[in-house]
Each structure stands twice: as structure tokens, then as C-alpha cells.
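**Student:** For the sequence shown, the positions run 515 to 742 when the working numbering is used. Take this structure, written in C-alpha cells, and hold onto it; I'll ask about it next.
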Amino acid sequence: MKKLFFNYIRIQVFGAAAIVLLIANSCNKQNQPLVEEVRVSNAAKFDGPTDITTVSRFNKSVGKPIDGRLGDRWISNYEKKYGYKQSYMLNLDTLKAIVKQPNCVGICLYYAKDANNKTHILPIGINVKNTRIKTLTVNYSKGNMSWGNISWATAQQWIAKDAGTVDAHFFGSYTFDRLSQTPCSTIRVDFAIDDKNIPQLLLTNTCQVNFSKMYEDDSNRCPSDCPN
């Protein structure tokens, strides 16, 4: 009778142990996917995205309006430094034609000096490869609301002659879209110096009723950012 009793106890113990093992194994199987999910999730956090697109410094969005009071102060900074205000007139039709060229993303406005040491601002298109778009001629202002053209080679000579700390300012094509909203022949370029003593060019459409006195600015500057 005792033997039967001990056999019964042994069977119960073995059965309970088997049930415990089955439950533990089942829990381990259920936890493995969770552990794997956590591992994958953590990897995603620290690895970051693998497909990152670098936006070129020369793109259509470069440039934006700035408050007129700020622009006026920068123009005054220029006047205080040199003793006079200076501006230049660009032909809007020429600017629109430049940005319509295939793959053009905007325009670099280059400081230049002619044979008589007169200062000019020469507009040259920039393409998606950050390269200047070479043209047969480059437009310049003759004064008195009239414009002329010089050869590409002459334009490069004028640009090389300017010895300023900034060679050019790049504005994306959206800047010129905004400036073209009111039909006009002329875009005014005001020479300015910002509060960090960096030369700036501020653009306005001379035909727009500018109640808020906004200027187009926030350009990329060469030599900090130069096209090829």
C-alpha cells in the first residue's frame, strides 16, 4: 500500500515538473519576438535614416524678404562707412530670361568694376550642378534706365577687378518670382552692410507699392559659398 502511495506521489511530482517546463518554454517562445522587436526598435533609433538627401546651397529657395526697418538700418550702415548711399539698377526682363534657362536654379549677382573703375552688379545664372551658366553676353546698367551687354570674357575681367571682401550674392529663382509679381522694367539693388559688418545686396521692385517696405535678402555669399 505504501509502495502504491509513493508511486502515485512520484507521478504527481513528475507531472507537475513537466507542466512547469512546458509553461516556461512557451513563455520563452512568446518573449523572443518581443525581445527581437525591442532590438530592432532600438537599432532604428540609433542607426537613423539611411537615405538622406543633401540640399544644395544653390537652390531655388535661397533668399527671402526681410523687414524694411532692418534693411534701412543696413543701408544706413553702408552710408556711415563710406559716406554715401549706393544703388544699382538691374533689368527685370534680363533676370527673368536668366532663370528661365534650362536647369537654372537662381542668379549670382557679382560685384564688378569696369575700365573706368565704376562699380557694376553683373547677373549670372547658376545651374543645378552649382556651375555658372556661360552666355555670350552679360547685361549691365549704362545708367539713366538703359542697359547694355558685354562679352563673357569682359564680364570676367570686370569681376576680377573688384577687390571687395564679397565676390557675389546668390539668390534662388523664387526671389525673382516674387520680384516679378508687379510688372516692371527695373529691380533696384541697394548696397548695405549688416550688423555683423558683412556686405549685403537688398533687392526691390521699383514699381511695387511697398507699404511694408520689405527687401529681398538672405542670399548666399561668395567666397563662403561659390559656384564653379
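Glycine included, C-beta positions come from ideal geometry on N, C-alpha and C. Computed from a prediction, not measured in an experiment: that's the story for all the values here.
1. Between T720 and T700, how many whole angstroms is the CB-CB distance? I'm expecting something under 8 Å.
2. Between which two residues does the alpha helix (DSSP H) containing R692 stretch?
3. So, with DSSP's three-state summary, where would you put Y598?
4. Mapping the DSSP letters down to three states, classify L715 as helix, strand or coil.
5. Helix, strand or coil: which one does DSSP assign to L518?
6. Measure the alpha-carbon distance for N653 versus Q714 and round it to whole angstroms.
7. So for D681, helix, strand or coil by DSSP?
8. Let me check understanding here. Comparing Cα to Cα, which of S570, V576 and R571 lies closest to R692?
9. Whole-angstrom Cβ separation of K656 and G620, contact assumed at under 8 Å?
10. Between W661 and the rest of its own chain, which residues show a CB-CB distance below 6 Å, the 5 nearest in sequence each way excluded?
11. Please state the DSSP three-state secondary structure of T696.
12. What first and last residue would you give for the beta strand (DSSP E) that runs through A626?
13. Quick check on K578: does DSSP put it in helix, strand or coil?
14. Can you give the Cα-Cα distance for P547 and R571, rounded to whole angstroms?
15. Which residue marks the beginning of the beta strand (DSSP E) containing D731, and which one marks its end?
16. Cutting at 7 Å between CB atoms, please list the residues of its own chain near Q615, excluding the five before and the five after it.
17. In its own chain, which residues sit with a C-beta less than 7 Å from the C-beta of S694, not counting the 5 before and 5 after it?
18. Using the Cβ count rule (16 or more neighbours within 10 Å means buried), how would you classify V534?
19. On the DSSP bridge assignment, give the partners of S604 in chain order.
20. At the level of alpha carbons, what is the spacing between Q600 and L636?
21. Take the Cβ of S624 as the centre, count every other Cβ of all protein chains shown within 10 Å, and call the residue buried at 16 or more, exposed below.
22. In this structure, what does DSSP give as the bridge partners for S570?
23. By the DSSP assignment, the alpha helix (DSSP H) with E647 in it spans what residues?
24. Just the Cα atoms here: how many angstroms apart are S590 and G597?
**Tutor:** The answer reads as follows:
1. 5 Å
2. Run containing R692: S687 to L693, per the alpha helix (DSSP H) assignment.
3. coil
4. DSSP, reduced to helix, strand and coil, places L715 within a strand of the structure shown.
5. No answer about L518 holds up, because its pLDDT of 42 lies below 50 and its placement is not dependable.
6. Looking at the two C-alpha atoms, the distance is approximately 21 Å.
7. coil
8. Measuring from the Cα of R692, the nearest candidate turns out to be V576.
9. The beta carbons of K656 and G620 sit about 25 Å from each other, so the pair does not count as a contact at 8 Å.
10. N605, N653 and S655
11. coil
12. C618 to K627
13. Per DSSP, reduced to three states, the secondary structure at K578 is strand.
14. At P547, the pLDDT of 43 sits below 50, so the modelled position is not reliable; the number obtained from the coordinates is stated separately. Computed Cα separation, rounded: 45 Å.
15. Y729 to D731
16. G639 and I647
17. L606 and K610
18. In this predicted model, V534 has a pLDDT of only 42, less than 50, meaning its place in the structure is not dependable; the value taken from the coordinates is given anyway. When all chains shown are included, V534 counts as exposed.
19. For the record, residue 604 in the displayed sequence is Leu; it is not Ser. Looking at the DSSP assignment, L604 forms a beta bridge with I701.
20. 15 Å
21. Residue identity check: residue 624 is Tyr in the sequence provided, not Ser. Buried, since its Cβ has 16 or more Cβ neighbours within 10 Å.
22. In DSSP, S570 forms no bridge with anything.
23. What sits at residue 647 in the sequence shown is Ile, not Glu. From DSSP, I647 is part of no alpha helix (DSSP H); its letter is neither H nor E.
24. 10 Å
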